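Chemist: Numbering (UniProt numbering), first residue to last: 1 to 218.
Built from N, CA and C at the ideal position, the CB exists for glycine as well.
Please read these numbers as outputs of a predicted model, since none were measured by experiment.
What follows is a structure written as structure tokens; I'll ask about it next.
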Amino acid sequence: MSTATSARPTARRTPLETRTVVDAPGTRRRRSVPRLLGGALLVVLGAVAFGAVGLRVDPGIDVLAMARPVAAGTQLSDEDIRVVHIVPDQALHVVRVSERSAVVGRTAAVPLAAGALLTSDQLGAVTDPPPGQSVIAVGVKTGRAPSGLTPGASVLVVIVPQGGAVDPPPQAPAVVRAVDLTDSSGITVVSLQMSAESAVRIASATGDVALILQSPGR
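Below, the structure written as structure tokens:
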């Protein structure tokens, strides 16, 4: 007589090394915080290092520039100059900020505009106007010059005759040096720089002065 034996299924055990380890809630978040802080610190350190390297390779220098306009022959004061940072041009003899004390008290050889870089050849004996040039003053009636005329503008000076047409009327190119306030009679005095020959011709002509604004270089 045979006896039937029932076999019980054998449970399989998972090896320890193959089991999946599940982090407890909150553990993964706690582990990521130090990593985030470390990454942020690296970014900050990188930015600081980049800035330090940028400062070391900056090719610019501190030089002197005009803080306000001065006329030729003016002794420069400390308030007349300011410091600007530029990349210098070898052809431009700029004055470094270390020479500031030596500049104060020097004489402007030429008119200096506000914002212009100060160069060594602009200081010393007055050389204004330049050789071969003259500066004259003319009275301009209202309507004979463009509005808003400013120093540095290039103009064509034309003498409009009063007693009959002259062909061609006396004329000469010039650069505006100064514009005075219009007086009660409607006359504006304008100082003009032009060639010495043209200055004599314009100053001796009779008629009304008209100024025509032109593009620089014409």
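How long is the line joining the alpha carbons of A116 and P69, rounded to whole angstroms?
Modeler: Counting from one through the sequence shown, the residue named residue 116 turns up at place 116. Counting from one through the sequence shown, the residue named residue 69 turns up at place 69. Rounded to whole angstroms, A116 to P69 spans 9 Å at the Cα level.
Chemist: Does the distance from the CB of S215 to the CB of S154 come in under 8 Å?
Modeler: Here residue 215 corresponds to residue number 215 of the sequence shown, with the count starting at 1. Here residue 154 corresponds to residue number 154 of the sequence shown, with the count starting at 1. Yes.
Chemist: What is the DSSP secondary structure of D180, counted as helix, strand or coil?
Modeler: Translated into positions along the sequence shown, residue 180 becomes position 180. Reduced to three states, the DSSP call for D180 is coil.
Chemist: Given A72, which residues of its chain have a CB within under 6 Å of its CB, disregarding the five upstream and five downstream residues?
Modeler: Position 72 of the sequence shown, counted from the start, is the residue given in the question as residue 72. The residues are A108, V110, P111, V126 and D128.
Chemist: Using 10 angstroms around the beta-carbon of D62, count the other beta-carbons present and answer buried if the total reaches 16, otherwise exposed.
Modeler: The count along the sequence shown starts at 1 and reaches residue 62 at position 62. Under this definition D62 is an exposed residue.
Chemist: For the alpha helix (DSSP H) holding A101, just list the boundary residues, first then last.
Modeler: Counted from its first residue, the sequence shown places residue 101 at position 101. The sequence as given places Ser at residue 101; Ala does not occur at that position. Note, S101: alpha helix (DSSP H), R100 to V103.
Chemist: Whose C-beta lies closer than 8 Å to the C-beta of G124 among residues of the same chain, with five residues either side of it excluded?
Modeler: Translated into the one-based positions of the sequence shown, residue 124 becomes position 124. R106, T107 and A109, listed in sequence order.
Chemist: I need the boundaries of the alpha helix (DSSP H) containing V198, first residue and last residue.
Modeler: Taking the first residue of the sequence shown as position 1, residue 198 is located at position 198. Contrary to the premise, residue 198 reads as Ser rather than Val in this sequence. First-last of the alpha helix (DSSP H) with S198: A196 to S204.
Chemist: Can you give the Cα-Cα distance for V135 and I86, rounded to whole angstroms?
Modeler: Translated into the one-based positions of the sequence shown, residue 135 becomes position 135. Translated into the one-based positions of the sequence shown, residue 86 becomes position 86. Cα to Cα, V135 sits roughly 33 Å from I86.
Chemist: Would you kindly work out how many angstroms separate the C-alpha atoms of L64 and S147, rounded to a whole number?
Modeler: Stepping through the sequence shown from its first residue, residue 64 is reached at position 64. Stepping through the sequence shown from its first residue, residue 147 is reached at position 147. The alpha-carbon atoms of L64 and S147 are separated by roughly 33 Å.
Chemist: What residues are listed by DSSP as bridge partners for Q171?
Modeler: Against the sequence shown, residue 171 aligns to sequence position 171. Answer by DSSP bridge pairing, in chain order: V158.
Chemist: Per DSSP, which residues does H85 bridge with? Please list them.
Modeler: For the purposes of this step, residue 85 is taken as the residue at position 85 of the sequence shown. H85 pairs with D62.
Chemist: For L118 versus V104, is the C-beta distance shorter than 8 Å?
Modeler: Against the sequence shown, residue 118 aligns to sequence position 118. Against the sequence shown, residue 104 aligns to sequence position 104. No; because the gap between Cβ atoms is not below 8 Å, this pair is not in contact.
Chemist: So what does T188 bridge to, in DSSP terms?
Modeler: As a first step, residue 188 must be located in the sequence shown, where it is residue number 188. Paired residue(s): V140.
Chemist: Can you tell me which of the three DSSP states Q90 falls into?
Modeler: Looking up residue 90 in the sequence shown gives position 90. Coil, per DSSP.
Chemist: Mind checking whether V94 and G139 have CB atoms under 8 Å apart?
Modeler: Locating residue 94 in the sequence shown gives position 94, where the first residue counts as 1. Locating residue 139 in the sequence shown gives position 139, where the first residue counts as 1. No, the pair does not count as a contact, with Cβ atoms beyond the cut-off.
Chemist: Ordered along the chain, which non-local residues of its own chain (more than five positions away) have a Cβ less than 7 Å from that of K141?
Modeler: On the sequence shown, position 141 is the one that residue 141 refers to. Contacts found: G186, I187 and D208.
Chemist: For residue 229, name the three-state secondary structure that DSSP assigns.
Modeler: What the structure shows of the chain is the stretch from 1 to 218, and residue 229 is not part of that stretch, so it cannot be assessed.
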